[in-house]
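Here the structure comes first, spelled out in structure tokens, and everything after it is commentary.
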Amino acid sequence: MKSLTGKIVAVIGGSSGMGRATALALAHEGAAVVVGARRAELCAQVVAEIEAAGGRAHAMPLDATDEGSVGEFFADLERRFGRLDGAFNNVGRTLGSSPTTETTLERFQKTLDFNLRSTFLCLREELRLMQRTGGGAIVNNSSIGGTRGFANLQDYCAAKWGVVGLTKAVALEGAAAGIRVNVIAPGLVATERFELIRSQNSAMIDSRLKEIPLGRPGAMDEIGATVVWLLGPGSGFLTGAIIPVDGGECAR
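Per the numbering used here, residue 5 is the first one in the sequence shown, and the count goes up by one each step.
Have a look at this one:
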């Protein structure tokens, strides 16, 4: 039997990139995947791809920064499926880089909203639902920017460090109810955005690759495989942990 057969798993931000790859990986392991993201047409494409491979999936619209939208998403999920066994909160983005002295409060706040506020809103609803229906496992998506500092990315680092702290606190709260909460910290990953940046500034990408002991970017499938393990029975004694998926970069 596959490791997630019969499980209901939500992938927040599952329409592209690491979220899409993880949704496909979860479905391959037997989970029924609920894909939530702003771009309904891309969510539908992910669902179609899963179903074409013989899996189960459902798409629902979601703005993870909006409290009402998040509440409606999880209420609808509970009505349709009756429970939630796992979740991957793949939310967040950068909004540019600049020295702290030149960073506007507006950009700083928006970065917190996209990365930390959205994770909190989803995590809160997931906890409430899992507490009612018998436990589960949650994986948040931080970054190596949540384990170290990067000059000129102070807003992003603050938000991603916040995701790590949030994960650890909620892991302690959820343990008694059988809810495990962990966080991944990806390094440079070959997403669609990575390919765009490489096409525009290959020298910058080459410089970053030199910082990675394994000498290459991560593959999106490797992120998906990590999340599958963290949501599955093989990681049953793991909670409150940061899992770096960075080719050894944080080992320096």
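By construction, the Cβ of each residue, glycine as well, lies at the ideal position given by its N, Cα and C atoms.
Output needed for residue i: all residues of its chain with C-beta closer than 7 angstroms, excluding positions within five of it in sequence on either side, in chain order.
i	result
Ala179	Thr243
Asn156	Ser101, Ser102, Pro103
Val167	Asn119, Leu120, Thr123, Asn144, Ser146, Gly150, Val187
Leu133	Phe78, Glu82, Leu88
Can you give me the C-alpha to C-alpha distance between residue i and residue j, rounded to a whole angstrom?
i	j	result
Gln158	Asn119	13 angstroms
Asn93	Glu106	30 angstroms
Ile148	Glu53	30 angstroms
Gly219	Gly72	43 angstroms
Gln113	Met5	45 angstroms
Thr98	Ala173	24 angstroms
Ala223	Ala36	23 angstroms
Arg34	Ala207	Here residue 34 is Gly; the residue named in the question, Arg, does not match the sequence. Cα to Cα, the separation comes out at about 41 angstroms.
Leu142	Leu8	The sequence given here has Ile at residue 142, not Leu. Distance between the alpha carbons of Ile142 and Leu8 is about 14 angstroms.
Gly10	Leu116	35 angstroms
Ala189	Ile201	20 angstroms
Leu28	Val13	12 angstroms
Leu46	Ala61	13 angstroms
Asp67	Gly238	32 angstroms
Asp225	Ser19	15 angstroms
Ile246	Leu131	19 angstroms
Gly21	Val232	16 angstroms
Leu213	Thr230	21 angstroms
Glu260	Ala56	The structure shown does not extend to residue 260, since the chain is modelled only from 5 through 256, so no value can be given for it.
Looking only at its chain, what residues have a beta carbon closer than 8 angstroms to the beta carbon of residue i, apart from the 5 residues adjacent to it on each side?
i	result
Phe198	Leu192, Ile209, Pro221
Val15	Gly23, Thr26, Ala27, Leu30, Val37, Val38, Val39, Gly40, Ala91, Phe92, Asn94
Arg121	Thr69
Ala44	Ala63, Pro65
Can you check DSSP and say which residues form a bridge with residue i?
i	result
Ala245	BP columns for Ala245 are empty, so no partner.
Val15	Val39, Phe92
Val193	Gly222
Val62	A small correction: the amino acid at residue 62 is His; Val does not occupy that position in the sequence shown. Val38, per the DSSP bridge assignment.
What residue does the alpha helix (DSSP H) around residue i start on, and which one ends it?
i	result
Ile54	44 to 56
Lys114	109 to 116
Lys172	158 to 178
Phe85	71 to 85
Glu129	122 to 137
Along the beta strand (DSSP E) that carries residue i, what are the first and last residues, could you check?
i	result
Met5	Neither: Met5 is in no beta strand (DSSP E) and is coded neither H nor E.
Ile183	183 to 190
Gly140	140 to 145
My assumption, with CB atoms under 8 angstroms, is that residue i sits in contact with residue j. Please give the rounded CB distance.
i	j	result
Ile216	Gly251	4 angstroms
Gly96	Ala163	7 angstroms
Gly139	Gly182	3 angstroms
Give every residue of the same chain whose Cβ lies closer than 6 angstroms to the Cβ of residue i, excluding the five residues on either side of it in the sequence, and list them in chain order.
i	result
Thr171	Asn144, Val185, Val187
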